[in-house]
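Undergrad:
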Amino acid sequence: MAELSVHHDIWGWYDFTGRPHPEVHRNNAPRLTDALEELAALLDAPPEPGEPTYFGAATPEGLATPNAYEDGLGPDLTSRL
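In short: position in the sequence shown from 1, add 136, done, that's this note's numbering.
1) Shortest alpha-carbon distance to residue 159 belongs to which of 141, 149 and 174?
2) May I ask you to list the residues that DSSP assigns as paired with residue 168?
3) Specify the secondary structure class of residue 209 as computed by DSSP and reduced to three states.
4) Classify residue 179: buried if its beta carbon has 16 or more other beta carbons within 10 angstroms, exposed otherwise.
5) By DSSP, does residue 178 sit in helix, in strand, or in coil?
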């Protein structure tokens with residue numbers, strides 16, 4: 137058994153203030169997906185995402201993207217940093 141957690145906003149579609157950062161996401165999210173696939177192959181077991189937290193929800197491929205608000209922003213998570 138192995139546990140993996142991420143502590144940065146570079147993997148998600150939004151930064152911690154809720155602003156979209158598609159270029160950052162595009163450059164980093166595939167790296168997280170690749171790492172998860174490599175770990176699954178190494179451990180011969182699929183990822184089992186844990187429970188969602190205030191900061192986000194895991195998927196077998198990386199992080200789920202929260203729905204945007206009407207203004208196009210995502211959730212502002214800075215109150216818990």
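We treat Cβ as the ideally placed atom computed from N, Cα and C, and that holds for glycine.
TA: This is what the structure gives:
1) 149
2) Residue 168 pairs with nothing; no bridge assigned.
3) coil
4) When all chains shown are included, residue 179 counts as exposed.
5) If DSSP states are grouped into helix, strand and coil, residue 178 belongs with the helices.
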